[in-house]
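Number of protein chains: 2
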Amino acid sequence: MEFKVNSKEFERLLTKIIPAVPSRTPMQILENFLIEIKDGQLTVFATDLEISLKSSLNIVADSNASFVVPAKLLYDVVRSLGETTLNIKVEEKGKLQLTTDSGEYSLSYLDSSDFPEIPSFPGDTVDQEDLKEISINGEELNTAFLYTSFAMSKEEMRPAMMGTLFEFIEEGLRFVATDGHRLVNMLNTNIKHEITEQYIIPERAISVLHKVLDEKDVKIYLSKSHVSFVLSDIELITRLIGQRYPDYKTVIPMENEFLLHVKTKDLHNAVKRMMLFSTSNTRRVKFSIDGDNLEISAEDLDIGASGKESIHCTYEGDPLTIGFNSAYVNDILSHIRAEEIILKLHSPTKAVIVEPKDNKDNLDLMMLLMPVRLNN
Amino acid sequence: MEFKVNSKEFERLLTKIIPAVPSRTPMQILENFLIEIKDGQLTVFATDLEISLKSSLNIVADSNASFVVPAKLLYDVVRSLGETTLNIKVEEKGKLQLTTDSGEYSLSYLDSSDFPEIPSFPGDTVDQEDLKEISINGEELNTAFLYTSFAMSKEEMRPAMMGTLFEFIEEGLRFVATDGHRLVNMLNTNIKHEITEQYIIPERAISVLHKVLDEKDVKIYLSKSHVSFVLSDIELITRLIGQRYPDYKTVIPMENEFLLHVKTKDLHNAVKRMMLFSTSNTRRVKFSIDGDNLEISAEDLDIGASGKESIHCTYEGDPLTIGFNSAYVNDILSHIRAEEIILKLHSPTKAVIVEPKDNKDNLDLMMLLMPVRLNN
Numbered sequence: 001m002e003f004k005v006n007s008k009e010f011e012r013l014l015t016k017i018i019p020a021v022p023s024r025t026p027m028q029i030l031e032n033f034l035i036e037i038k039d040g041q042l043t044v045f046a047t048d049l050e051i052s053l054k055s056s057l058n059i060v061a062d063s064n065a066s067f068v069v070p071a072k073l074l075y076d077v078v079r080s081l082g083e084t085t086l087n088i089k090v091e092e093k094g095k096l097q098l099t100t101d102s103g104e105y106s107l108s109y110l111d112s113s114d115f116p117e118i119p120s121f122p123g124d125t126v127d128q129e130d131l132k133e134i135s136i137n138g139e140e141l142n143t144a145f146l147y148t149s150f151a152m153s154k155e156e157m158r159p160a161m162m163g164t165l166f167e168f169i170e171e172g173l174r175f176v177a178t179d180g181h182r183l184v185n186m187l188n189t190n191i192k193h194e195i196t197e198q199y200i201i202p203e204r205a206i207s208v209l210h211k212v213l214d215e216k217d218v219k220i221y222l223s224k225s226h227v228s229f230v231l232s233d234i235e236l237i238t239r240l241i242g243q244r245y246p247d248y249k250t251v252i253p254m255e256n257e258f259l260l261h262v263k264t265k266d267l268h269n270a271v272k273r274m275m276l277f278s279t280s281n282t283r284r285v286k287f288s289i290d291g292d293n294l295e296i297s298a299e300d301l302d303i304g305a306s307g308k309e310s311i312h313c314t315y316e317g318d319p320l321t322i323g324f325n326s327a328y329v330n331d332i333l334s335h336i337r338a339e340e341i342i343l344k345l346h347s348p349t350k351a352v353i354v355e356p357k358d359n360k361d362n363l364d365l366m367m368l369l370m371p372v373r374l375n376n
Numbered sequence: 377m378e379f380k381v382n383s384k385e386f387e388r389l390l391t392k393i394i395p396a397v398p399s400r401t402p403m404q405i406l407e408n409f410l411i412e413i414k415d416g417q418l419t420v421f422a423t424d425l426e427i428s429l430k431s432s433l434n435i436v437a438d439s440n441a442s443f444v445v446p447a448k449l450l451y452d453v454v455r456s457l458g459e460t461t462l463n464i465k466v467e468e469k470g471k472l473q474l475t476t477d478s479g480e481y482s483l484s485y486l487d488s489s490d491f492p493e494i495p496s497f498p499g500d501t502v503d504q505e506d507l508k509e510i511s512i513n514g515e516e517l518n519t520a521f522l523y524t525s526f527a528m529s530k531e532e533m534r535p536a537m538m539g540t541l542f543e544f545i546e547e548g549l550r551f552v553a554t555d556g557h558r559l560v561n562m563l564n565t566n567i568k569h570e571i572t573e574q575y576i577i578p579e580r581a582i583s584v585l586h587k588v589l590d591e592k593d594v595k596i597y598l599s600k601s602h603v604s605f606v607l608s609d610i611e612l613i614t615r616l617i618g619q620r621y622p623d624y625k626t627v628i629p630m631e632n633e634f635l636l637h638v639k640t641k642d643l644h645n646a647v648k649r650m651m652l653f654s655t656s657n658t659r660r661v662k663f664s665i666d667g668d669n670l671e672i673s674a675e676d677l678d679i680g681a682s683g684k685e686s687i688h689c690t691y692e693g694d695p696l697t698i699g700f701n702s703a704y705v706n707d708i709l710s711h712i713r714a715e716e717i718i719l720k721l722h723s724p725t726k727a728v729i730v731e732p733k734d735n736k737d738n739l740d741l742m743m744l745l746m747p748v749r750l751n752n
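Residue numbers (our numbering), protein chains in the order written: chain A, 1 to 376; chain B, 377 to 752.
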């Protein structure tokens, strides 16, 4: 069978799907695209067994076919072409023949039955019984990812934390991410629904979604085992992390009565400089707060270097000295996107709450940071 | 002693010198800047024992001093500051105290006598007897590096080829670079001189110079062992490669009578696509020339993929099939910067000459490429 496709349209399609192709995998078949041509529609699939991507294009084809081709090679060939009509012929003996005005390219293909099955929504491969549906604006979803995703754990020892919690509650949808050292908790009260469950979306799904989301609405199908995000031109299906999310509420201190107001940029610039002086293994930075003065300091005894800076702040509370991992402070300050922030403190050993001074409409954002011990 | 310096001026100075600081070296002292304050001038030096960089700044200082500080740390601290006045105090016990309006930073320094000696031009540490001087426009020098430097060898087995030959001849200055597989030979007849020697400048000097050269004239001092390039605001000193350059003229074929004219871009685009199909170990691409048709093809038997393209050309010669390493063809086509090129050929086993169709005034450029064997 044979079909024609515009090289640039085909490139755009493959560009959307290639993020799901794993770069290193012991299962070689996953380094391929599954391509299906059915009733004038060309659909490309890829999966790493955790997430799958799928997108389609209308073409003119004389019959149906499906085959599996090396993803990177096909992608590189197609995007190396200028805008042209690409004639693709699925020959017998496993040969795919690509022809343009000036060139001929031959690739090997495998049978599509070798490719792992991809769950479909709503469909027979996914448990339909508890299937929920919701529509969320792509930009709102992206904002949630922007604020929360950096705090997910990278440690395989705690699989539940290697994703972002979607907690559907009466007030809206709460997004939570934590690695045990810091936590982000963002409630969007704009999202209306009738769901009562919670779901843990794995990191890889979040990071791929983050690249493809736009301002359009996203239809989300949630089952017990999988979630499907249906965008206007692409569908991402991910398995859920089938673990219990830790009870994050117990770590949020309720009585941090000392309030520190500071300009985010002032604090961030000082912390970035202190990172140069904080010892590479502890990465510790010290905050000493007294009246309207916040002194930030760090030292690296190994190389005999140290630094300290004073920042103007507004503080209601007892004088306090507290230590943090400077990289985690930097992460929080890089992601909070507020001109002024409030730090809520209690003692050198208790978690600190960081909040924007003014929360945006419908967004209730709270970050939490664990202190580190100071030796002196 | 104590002195003041504008943070941004200091940053610009350090930015110029840091390229000479080796990133990994068994000699830890080389990871430092040597800083000298003498008669109101602050000079920063760095060296990797092959090249040295030096640049100065006028400052207000009450006395002289010299010390050695960790290059990356000082550079990172200075460039992390906004524009401010930096007060630097060289304290006893090896402490350097940096102070701004809001911060204090302390770094350890070492004694300047621990730093390796840097040759000076003209000066007592360099053999003066055969010292030559010449002035070359920075842009002309940069053009020569642009055309030639990619062809230098990376193989330590042939040290002479790990640099670019500066061959002063009656007609001007000839630049030659080769790794045994390809060769670039560029004569600039615009450069007048009375020198008869030849010098091999190491790769690292060329690549650092390439970043700092501008359109101003460069004063060059050449001794038997070292060369100094004096730019308006920075001086680079490099040791020369003290080897005999191979007799490159013997490999240049004189009787390649078959002439192929082709548009550089057409050929380059096709070669880039063929690189996707050429087997990863041989990287071979085949040129089949017959009449006004140049067919380029490649195949990767390991993955069962192949490609071929036809390009329009003008050819005077017998039909010929010849193989090349596609990466080398790509290198040459990336660096030749001409709309149309001429390939001069003779047989499948003889070196091919590649030249721009129109050589620019005062520039005579010739590239040479060795073929690879074809199995069939």
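Virtual Cβ for every residue (Gly too), placed ideally from N, Cα, C. This structure is a prediction, so every number in the text was calculated from the model and none was measured.
| Check | Outcome |
| --- | --- |
| Which residue's Cα is closest to the Cα of K726(B): L696(B), K639(B) and E459(B)? | L696(B) |
| For the region 658-667 of chain B and the region 84-93 of chain A, state whether three or more C-beta atom pairs, one from each stretch, are separated by less than 8 Å. | no |
| Reducing DSSP to helix, strand and coil, say where E31(A) ends up. | helix |
| Sort out for me which residues DSSP pairs N185(A) with in a bridge. | V176(A) and M366(A) |
| How is R12(A) classed by DSSP in three states: helix, strand or coil? | helix |
| Going by DSSP, what residues sit across from G163(A) in a beta bridge? | P202(A) |
| Please state whether the Cβ-Cβ distance between V208(A) and A46(A) is less than 8 Å. | no |
| Can the beta-carbon of I201(A) be found less than 8 Å from the beta-carbon of L146(A)? | no |
| What separation, rounded to the nearest whole angstrom, lies between the Cα atoms of T164(A) and Y315(A)? | 33 Å |
| From the DSSP output, which residues share a beta bridge with N463(B)? | K380(B) and T475(B) |
| Strictly below 7 Å CB to CB, what residues from chain B border P19(A)? | Per Cβ cutoff of 7 Å: no residues; P19(A) is ~20 Å from chain B at best. |
| Work out the CA separation of M367(A) and E255(A) for me, nearest whole Å. | 15 Å |
| Keeping to the same chain, check which residues put their C-beta closer than 6 Å to that of D331(A); ignore five residues upstream and five downstream. | F150 |
| What residue does the alpha helix (DSSP H) around L240(A) start on, and which one ends it? | Here L240(A) belongs to no alpha helix (DSSP H), and DSSP marks it neither H nor E. |
| In chain order, what residues of the same chain lie with their CB nearer than 7 Å to the CB of L333(A), ignoring the 5 residues before and after it? | T264, L267, H268 and V271 |
| Have a look at L478(B) and S310(A) and give me their C-alpha separation to the nearest angstrom. | According to the sequence shown, residue 478(B) is Ser rather than Leu. Approximately 6 Å, taken between the alpha carbons. |
| Is the distance from the Cβ of N32(A) to the Cβ of V69(A) below 8 Å? | yes |
| At least one CB of chain B closer than 8 Å to the CB of E104(A): is that the case? | yes |
| What three-state label does DSSP hand L449(B) in the structure shown? | helix |
| Taking the beta strand (DSSP E) that G323(A) belongs to, which residues open and close that run? | L320 to N325 |
| Should V251(A) and L183(A) be called a contact, given that it needs their Cβ atoms to be closer than 8 Å? | yes |
| Report the partner residues of L213(A) according to the DSSP bridge assignment. | Bridge partners of L213(A): none, in fact. |
| Give the single residue among T148(A), M152(A) and Q198(A) whose Cα lies nearest to the Cα of F168(A). | Q198(A) |
| Between M650(B) and I672(B), how many whole angstroms is the CB-CB distance? I'm expecting something under 8 Å. | 6 Å |
| For G683(B) and chain A, any beta-carbon pair shorter than 8 Å? | yes |
| If you measure between the beta carbons of P253(A) and H181(A), is that distance less than 8 Å? | no |
| Using DSSP bridges, identify the partner residues of P732(B). | I717(B) |
| Is the Cβ-Cβ distance between L374(A) and G323(A) less than 8 Å? | yes |
| Using a Cβ cut-off of 8 Å (strictly closer), state whether R79(A) contacts chain B. | no |
| Can you name the residues that DSSP bridges to H637(B)? | T690(B) and I718(B) |
| Closer than 8 Å, CB to CB, is L53(A) near chain B or not? | no |
| Which residue or residues does DSSP assign as beta-bridge partners of H226(A)? | R239(A) |
| In terms of alpha-carbon separation, which member of V60(A), L53(A) and M186(A) lies closest to Q41(A)? | V60(A) |
| Please give the ranges of any alpha helix (DSSP H) in the region 641-670 of chain B, keeping only runs that are unbroken, at least 4 residues long and fully inside the region. | none |
| For the 8 Å Cβ check, are there 3 or more pairs between the region 475-495 of chain B and the region 545-555 of chain B? | no |
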